[in-house]
Amino acid sequence: MAGEAIIINVARASLWLQPHRIVLILIALALVLAAAFFMRWDWLPQYYEMALVGIWRTLWILAVTCTLGFLLAVPLGLAQAAGPFWLAAPAKAFCTVIRGTPLLLQLWLLYYGLGSLFPQYPWIRESWMWPYLRQAWPYGVLALTLSFAGYEGEVMRGAFAGVPKGQLEAARAFGMSRWKILRRIWLPQAFYRALPTLTGETVLQLKSTPLVATISVIDIFAVSSKVRQSTFLTYEPLLLLALIYMAITGILVFALGKIEARIPNKIG
Amino acid sequence: MARIIELLSPTPPGWGGTLLVGLLHSVEIAAGAFGLGLVIGICGAYGKLYGGPVVRDLLAVYTTIVRAVPELVLILLLYYAGTDLINQLLTAMGYQRIDISGLVAGIAVLGFVQGAYSTEVMRGAILAIPQGQIEAARAYGMSPGLLLRRITLPAMLPFAIPGLANLWLIATKDTALLAVVGFFELTLATRQAAGVTKAYLTFFLAAGVIYLLLTLVSNLIIGRIELRARRGMPSLKEAR
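Note that the protein sequences, when read in sequence, are chains A and B.
With numbering that gives the first Met the number 0, the residue at position 228 of the first sequence is 227, and numbering never jumps.
With numbering that gives the first Met the number 0, the residue at position 164 of the second sequence is 163, and numbering never jumps.
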């Protein structure tokens, strides 16, 4: 059995590794080697600790905003799919506004707009929140969370609406309470439906995180800008940055694909 | 309230005119980038569907990289690399260095990014055309150019419009990213106005309303175009 699997794998690999691909890979390798030898990388030892901290911060922002955003997206989707008018209309308006304006503008609105409003009120400055409100990252996290919730809320609306009626009727016939139906039947199935788009949205969210660098949060993008300013190099930090983002995207897609593969594919 | 109206009035003591100039630049760039993206998209889709193995692999690399790297990084990279490359070429050929205008650079960079997404949309749309239509056109002896113009493009339009509409909305919002490289469009205009007058909330909210209106108006127009492109086809509700 194992031998057969190996043969199939080898056959697949040889199918993928056609002659022109070998040439293309060699050209790509040559380009990478040329970049490694002819470009300046001597700044790396000095900055790599900072870069690791930056990568960590980017990943942390990504994880927090995706989690919080998804938690917010569930009620948003539910309100639009099944809520009464006075809940559905505000939820829809929120999603439209978030999806209709650039994230950079939302971020600057929160950071500069709210940030300039808060200090005018003494009770805010005396409250326990003030040390946080003076920093930049809460605004970045808030803006990215709201943005993710807006896009994902729309996805969840479709997912909730897509769960077959019969499932919910059967659950009601079993005498489940509304909360139990949501928890056991409706939400899991809607989640399975939303998962493929969730992968895409997570990658899009990763690609939005560098925007927080514009409000002075030091993520990996800000680190690369700092390197560019202090070493006067243009390409090297940017190329490395692009490579880092590609690696993170690759890992994300791979990991979420694994989770997706574990989900029963016959739903509905 | 009177102060807000005064701040937003289109004549010089107010900053409304500045915002409108910014909006004009944003729309110009979005339209240019979207158009360039369409051209790249059609070529890319043709390459992916009918090209040789090398072309197909290179296009796969292009779309994968562009979709995996943040737009902001691509904009910086292409903005510097693009202008640098052109100037180096010009000096190597013995010409003077030129200053590339922000408008052209912005359109080129965003168009390159849009092209990758557009390639995928067009590829899907071309695949959705009933194969018999293309075969029939070939059987009539149409040249590839005529086939593209008369059959493929019109027939794929209804399938491509939802994806392209999405891309147009992304293009209008991505122009805001050019504010980071210092191009004067709506978001940067807003930030300048807000910075000078210190009325941050007013101006950012005003710009938000402008972007939202742009999106809503675009949606209306797209709805019309879709209706026209789908004429003669079963309506979406019946098809489901």
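Glycine included, C-beta positions come from ideal geometry on N, C-alpha and C.
Residue i and residue j closer than 7 Å at C-beta
i	j	result
B/G246	B/V54	Outside the shown range of chain B, which is 0 to 239, sits residue 246 of chain B, and nothing can be said about it.
A/D218	A/G53	yes
A/C94	A/G152	yes
A/S215	A/A142	no
A/G82	B/L200	no
A/V162	A/Q204	no
B/W241	B/A192	Chain B is shown only over 0 to 239; residue 241 of chain B falls outside these bounds and no answer can be derived.
A/S223	A/L240	yes
B/L18	B/A198	no
A/F159	A/G68	no
B/I28	B/T174	yes
A/T196	A/V252	no
B/G110	B/G40	no
B/I150	B/A136	yes
A/V338	A/T248	Nothing about residue 338 of chain A can be read from this structure; chain A reaches only from 0 to 267.
B/L156	B/A228	yes
B/L185	B/G21	yes
A/Y150	A/E200	yes
B/N164	B/M121	Per the sequence shown, residue 164 of chain B should be read as Ala rather than Asn. The answer is no: Cβ separation not under 7 Å.
A/H19	B/P143	no
B/F202	B/G101	no
Nearest-angstrom Cβ-Cβ length linking residue i and residue j, presumed shorter than 8 Å
i	j	result
B/Q132	B/A154	6 Å
B/Y210	A/P101	6 Å
A/I184	A/S146	Rounded, the Cβ-Cβ distance is 29 Å, inconsistent with contact.
A/A78	A/A90	4 Å
A/T198	A/E259	7 Å
B/P69	A/K206	4 Å
A/L237	A/R39	That pair is no contact at about 13 Å.
A/T208	A/T57	5 Å
A/A80	A/R156	5 Å
B/G31	B/I106	4 Å
B/I125	B/L57	Rounded, the Cβ-Cβ distance is 19 Å, inconsistent with contact.
A/L103	B/A178	7 Å
A/F117	B/L71	So it is not a contact: roughly 27 Å between Cβ atoms.
Contacting residues, own chain, Cβ-Cβ under 8 Å from residue i (five flanking each side not counted)
i	result
A/P137	Y131
B/E237	Note on B/E237: pLDDT 48, under 50, position unreliable in the model; the coordinate value appears next. There are no such residues.
Residue interval of the alpha helix (DSSP H) (run including residue i)
i	result
B/A154	152-173
B/G40	15-49
A/V216	No alpha helix (DSSP H) contains A/V216, which DSSP labels as neither H nor E.
A/W122	121-125
A/L203	186-207
A/Y46	43-81
B/M232	Note, B/M232: premise wrong, no alpha helix (DSSP H); not H, not E.
A/T233	First-last for A/T233: undefined, no H or E at that position.
B/E70	70-91
B/G101	101-127
A/W178	177-180
A/L132	129-132
A/F117	Per DSSP, A/F117 belongs to no alpha helix (DSSP H) and is neither H nor E.
A/W269	Here chain A has residues from 0 to 267 only, and residue 269 of chain A is not among them.
A/M155	136-161
B/Y61	52-67
Beta-carbon proximity list for residue i, same chain, < 7 Å, skipping 5 on both sides
i	result
B/L75	V180
B/L215	none
A/L61	Q204, L205, T208
Contacts around residue i, its chain only, beta-carbon distance under 6 Å, and the 5 residues preceding and following it disregarded
i	result
B/K172	none
A/G267	Any reading at A/G267 is ruled out, since the residue's pLDDT is 47, under 50, leaving its predicted position unreliable.
B/T82	I99
A/N8	none
B/V108	I74, L77, Y78
At least 3 beta-carbon pairs within less than 8 Å: the region 57-77 of chain B vs the region 110-117 of chain B: yes
Cβ contact (3+ pairs, closer than 8 Å) linking the region 174-191 of chain A and the region 107-124 of chain A: no
Segment contact, 8 Å Cβ cut-off, at least three pairs: the region 165-183 of chain B with the region 222-234 of chain B: no
Stretch-stretch touch, CB-based, cutoff 8 Å, three pairs: the region 167-178 of chain A with the region 227-234 of chain A: no
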